[in-house]
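From first to last, the protein sequence lines stand for chains F and A. Per our numbering, the first sequence starts with residue 56, numbered consecutively. Per our numbering, the second sequence starts with residue 648, numbered consecutively. Glycine is no exception: its CB is placed at the ideal position from the N, C-alpha and C atoms.
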Amino acid sequence: MAANSTLLSWLGYDRAEIVGKRRFSELMTVAGRIFYETHFAPLLRMQGFVHEIALDLVRKDASSLSVFVSANERRTSDGRSEAIRIAVFQAVDRRKYERELLLGRRMAEQAMRAKSEFLAVFAHEVRNSVAAVGMAAELLQHSGLQPDADRYLGMLRRGLDKALALLQSMLDFSKVEAGKVTLERRRFDLRDLLLGTAQTLEPVALRKQLTLNVEIDPNAPTHLVGDPIKLGQVLTNLAGNAVKFTERGGVTLAVELISRAPHGVVLKFRVTDTGIGISPDRITRIFDEYSQAGPEIAERYGGTGLGLAISRRIIELHGSTICVESAAEQGSTFHFDVTLPVAEPATGDDDSP
Amino acid sequence: MLLSHGFGCDQNMWRYLVPAFEADYRLVLFDHVGAGKSDLGAYQRSKYDTLAGYAQDVLEICDALDLRDVVFVGHSVSAMIGALAVCEQPERFAHLVMVGPSPRYVDDENYQGGFSRKDIDQLLDSMDDNYLGWSRAMAPTIMGNPDRPELSEELANSFCRTDPEIAKHFARVTFLSDNRSDLARVTVPTLVLQCDNDVIAPVAVGEYVHRNLRDSELVVLDATGHCPNLSAPSEVISAMKRYLARQRTCRKEPHG
Numbered sequence: 056m057a058a059n060s061t062l063l064s065w066l067g068y069d070r071a072e073i074v075g076k077r078r079f080s081e082l083m084t085v086a087g088r089i090f091y092e093t094h095f096a097p098l099l100r101m102q103g104f105v106h107e108i109a110l111d112l113v114r115k116d117a118s119s120l121s122v123f124v125s126a127n128e129r130r131t132s133d134g135r136s137e138a139i140r141i142a143v144f145q146a147v148d149r150r151k152y153e154r155e156l157l158l159g160r161r162m163a164e165q166a167m168r169a170k171s172e173f174l175a176v177f178a179h180e181v182r183n184s185v186a187a188v189g190m191a192a193e194l195l196q197h198s199g200l201q202p203d204a205d206r207y208l209g210m211l212r213r214g215l216d217k218a219l220a221l222l223q224s225m226l227d228f229s230k231v232e233a234g235k236v237t238l239e240r241r242r243f244d245l246r247d248l249l250l251g252t253a254q255t256l257e258p259v260a261l262r263k264q265l266t267l268n269v270e271i272d273p274n275a276p277t278h279l280v281g282d283p284i285k286l287g288q289v290l291t292n293l294a295g296n297a298v299k300f301t302e303r304g305g306v307t308l309a310v311e312l313i314s315r316a317p318h319g320v321v322l323k324f325r326v327t328d329t330g331i332g333i334s335p336d337r338i339t340r341i342f343d344e345y346s347q348a349g350p351e352i353a354e355r356y357g358g359t360g361l362g363l364a365i366s367r368r369i370i371e372l373h374g375s376t377i378c379v380e381s382a383a384e385q386g387s388t389f390h391f392d393v394t395l396p397v398a399e400p401a402t403g404d405d406d407s408p
Numbered sequence: 648m649l650l651s652h653g654f655g656c657d658q659n660m661w662r663y664l665v666p667a668f669e670a671d672y673r674l675v676l677f678d679h680v681g682a683g684k685s686d687l688g689a690y691q692r693s694k695y696d697t698l699a700g701y702a703q704d705v706l707e708i709c710d711a712l713d714l715r716d717v718v719f720v721g722h723s724v725s726a727m728i729g730a731l732a733v734c735e736q737p738e739r740f741a742h743l744v745m746v747g748p749s750p751r752y753v754d755d756e757n758y759q760g761g762f763s764r765k766d767i768d769q770l771l772d773s774m775d776d777n778y779l780g781w782s783r784a785m786a787p788t789i790m791g792n793p794d795r796p797e798l799s800e801e802l803a804n805s806f807c808r809t810d811p812e813i814a815k816h817f818a819r820v821t822f823l824s825d826n827r828s829d830l831a832r833v834t835v836p837t838l839v840l841q842c843d844n845d846v847i848a849p850v851a852v853g854e855y856v857h858r859n860l861r862d863s864e865l866v867v868l869d870a871t872g873h874c875p876n877l878s879a880p881s882e883v884i885s886a887m888k889r890y891l892a893r894q895r896t897c898r899k900e901p902h903g
């Protein structure tokens, strides 16, 4: 190699010790040489240049010098290497900073993981305890009570049900977050999915005197392959929220065929309501865990705010995302597209829409 | 011919060999999980905690593509991955070509791997240094090969790109591996290609590999560095062609 006096002075060598005597890779730490031979040199050969590889060089006094190295290869017309020009940048401070940054990031990720794991275990334990209390309460209620006691027990059981639901959604969320959830591939009926979801919301809608509409695109195939439980969970969450946050008017559950491809169909699922809406400054936060669109909402309508976060993750597992259009006092529309394979027709299927 | 890249790169490292063999062989190239354009979602730490996990992938590729009489060409650590695959299903493989192999990198009693444990620990620590900057080092466009018009924008940024965490794990598994005892179990004829100046796989290691394989030939190439398939491809090609031609005429019966 040849070198300029700047590099020589950084390394503490005389010109005579290096120029024409040593290869550049001999000035690296052992680790650097391994990296050089396995990454740097092949990349240089294939690309003709390399930008900003981090290496440690070894000075004459055996101390190390953190650098960044960029290289350019000049080639003959038949592609053989003629010369390599290497620029070396001192990077002692920057390397220190980068190492600290990486360490900090790793520690933060580890702490978050530990907290999530703890929360999951804790919720699991508490859920089991509460479930046991709930069972005892149910037994008590069936043991023949005075009307007052029966009424109070009813209140107690409703509270327990709420607590259980909260714990369950906490557990669902931590499972989704830990990446322990996978999508099933099962044959299911699209009509059953939507009508079933609507059915579970009928009692509440009736009580609030809201209309509940289901719109199924007649061009959409009836039988699909996918995870009806998880999709149902998402639709129930979105439609449940819609009913919860609507005082007048109604909620519509719709599915529309967007396009057909050899590997499946693209369907758009939509949940629209005429409810209180979400103001623009809050709309970006509603998918964050634990956030609702304002503290007063939580007070009035209840809930942990985990439902939307879970639903978003499930749809992300499908390779898609949930979108929302809304404005305060003007209702909301939540929608997402998913691609699902069409199921093979089975015997006994009625595929007429 | 199934070509398997080693630590640090992806299948692009075979580009200079492909034209030489594509007429005579069905060529299969792939990226190890974690490298190149492989599906990072397929990475399971437990599976890839030993080289056997990578060998399993090789066998799965052979099975999925119904490969027979395979000439397995493995660079660096992939040479040993190939050896493990061959030990598992010898009937599938006709020959093994090892480019810069090493069955163990850390020195041991009576064995010179070339590195101390401390060297490897330093390597693993230093891999984080390129964690943040590695994507910047990738080429935005491909240059330097006027006789290769098929190299396009599509290949940009993929050379030697690995997921940093996976790369670190692969480095650990590779450089702390010890597969010396597996050499004697290889029943398939093997060509060992060795560079005469390779810090990672020194000549002494190549000689060790050759000595411990049952049926092998050692060719020391007049090449420096660890990737002769990139730095001296014509030498590699001639050595391989000579060996495979000789092997074909020497075999009375076809293998497999």
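Quick one, which of the options has its alpha-carbon nearest residue i's?
i	options	result
F/ALA364	F/ALA275, F/PRO273 and F/LEU226	F/LEU226
F/LEU219	F/ALA186, F/LYS170 and F/GLU193	F/ALA186
F/VAL188	F/LEU211, F/PRO202 and F/HIS390	F/LEU211
F/PRO276	F/GLU399, F/GLN165, F/ARG160 and F/GLN102	F/GLU399
F/ALA422	F/VAL74, F/SER387 and F/PHE243	Outside the modelled stretch of chain F, which goes from 56 to 408, sits residue 422 of chain F, for which no answer is possible.
A/VAL675	A/SER685, A/GLY653 and A/VAL717	A/VAL717
A/LEU837	A/THR871, A/CYS709 and A/HIS742	Looking at the sequence provided, one finds Thr at residue 837 of chain A rather than Leu. For the residues A/THR871, A/CYS709 and A/HIS742, the minimum Cα distance to A/THR837 belongs to A/HIS742.
F/LYS263	F/GLY295, F/LEU395, F/ALA57 and F/TYR91	F/GLY295
F/ARG315	F/THR327, F/VAL326, F/PRO283 and F/PRO396	F/PRO396
A/PHE740	A/ILE708, A/VAL724, A/SER723 and A/LEU770	A/ILE708
A/ASP766	F/ARG88, F/ASN274 and F/LEU62	F/ARG88
F/VAL379	F/LEU308, F/GLU92, F/HIS390 and F/PHE90	F/HIS390
F/THR394	F/HIS373, F/GLN385, F/ALA383 and F/GLU384	F/HIS373
A/MET745	A/THR896, A/ARG895, A/CYS897 and A/PRO875	A/PRO875
F/VAL74	F/TRP65, F/SER60, F/VAL85 and F/MET83	F/SER60
F/PHE324	F/LEU245, F/LEU261, F/ILE331 and F/LEU62	F/LEU245
F/ASN292	F/ARG78, F/ILE370 and F/GLU384	F/ILE370
F/ALA117	F/ASN268, F/ALA166, F/THR84 and F/VAL310	F/THR84
Helix, strand or coil for residue i? Go by DSSP, reduced to three states.
i	result
F/GLY287	helix
F/ASP328	strand
A/GLY655	coil
A/MET648	coil
F/PHE391	strand
A/TYR646	Since the displayed chain A opens at 648 and closes at 903, residue 646 of chain A lies outside it and no answer follows.
A/SER693	coil
F/GLY199	coil
F/MET56	coil
A/VAL718	strand
A/LYS888	helix
A/GLY688	helix
F/GLU311	strand
A/SER863	strand
F/ILE366	Just to set this straight, residue 366 of chain F is Ser in the shown sequence, not Ile. Three-state result, F/SER366: helix.
F/VAL185	helix
A/PHE740	strand
A/ARG858	helix
F/ARG303	coil
A/GLY729	helix
F/LYS263	coil
F/THR271	Residue identity check: residue 271 of chain F is Ile in the sequence provided, not Thr. DSSP places F/ILE271 in strand when its eight states are reduced to three.
Validate contact between the region 92-110 of chain F and the region 68-75 of chain F using beta carbons, cut 8 Å, 3 pairs: no
Contact between the region 143-150 of chain F and the region 118-127 of chain F (3+ Cβ pairs under 8 Å): yes
Contact the region 194-209 of chain F vs the region 327-343 of chain F: 3+ CB pairs below 8 Å: no
Chain A contacts from the region 218-252 of chain F (Cβ-Cβ distance under 9 Å): Nothing from the region 218-252 of chain F brings a Cβ to less than 9 Å from some Cβ of chain A.
Residues, ordered as in the chain, of the region 164-187 of chain F that lie near chain A by beta-carbon distance below 7 Å: none
Cβ-based contacts, 7 Å cut-off: residues of the region 744-774 of chain A near chain F: Within the region 744-774 of chain A, the qualifying residues are PHE762, ASP766, GLN769, LEU770 and SER773.
Residue ranges of each beta strand (DSSP E) within the region 203-251 of chain F, 3 or longer: 241-244
Residues of the region 81-100 of chain F with Cβ closer than 8 Å to any Cβ of chain A, in chain order: Of all residues in the region 81-100 of chain F, THR84, VAL85, ALA86, GLY87, ARG88, ILE89, PHE90, GLU92, THR93, HIS94, ALA96, PRO97, LEU98 and ARG100 have a Cβ within less than 8 Å of some Cβ in chain A.
Cβ pair count under 8 Å reaching 3, the region 834-848 of chain A against the region 744-752 of chain A: Three or more beta-carbon pairs separated by less than 8 Å link the region 834-848 of chain A to the region 744-752 of chain A, which places the two stretches in contact.
The region 265-282 of chain F contacting the region 237-245 of chain F, beta-carbon criterion three pairs below 8 Å: Yes, the region 265-282 of chain F is in contact with the region 237-245 of chain F.
Residues of the region 682-714 of chain A whose Cβ lies closer than 9 Å to any Cβ of chain F, in chain order: none
Ordered list of beta strand (DSSP E) runs contained in the region 72-156 of chain F, each at least 3 residues: 104-113, 119-130 and 136-145
Chain A contacts from the region 106-127 of chain F (Cβ-Cβ distance under 9 Å): HIS106, GLU107, ILE108, ALA109, LEU110, ASP111, SER121, PHE123 and SER125
Touch test, the region 724-735 of chain A against the region 649-658 of chain A, Cβ-Cβ under 8 Å, three pairs minimum: yes
Meets three-Cβ-pair contact criterion under 8 Å: the region 696-710 of chain A and the region 850-868 of chain A: no
Residues of the region 372-390 of chain F whose Cβ lies closer than 9 Å to any Cβ of chain A, in chain order: none
Residues of the region 655-677 of chain A with Cβ closer than 8 Å to any Cβ of chain F, in chain order: Per Cβ criterion, the list reads GLY655, CYS656, ASN659, MET660 and ARG662.
Any 3 or more C-beta pairs closer than 8 Å across the region 192-200 of chain F and the region 810-818 of chain A: no
Contact set between the region 875-893 of chain A and chain F, restricted to residues whose Cβ is under 7 Å from the partner: Only LEU877 and SER878 from the region 875-893 of chain A bring a Cβ to less than 7 Å from some Cβ of chain F.
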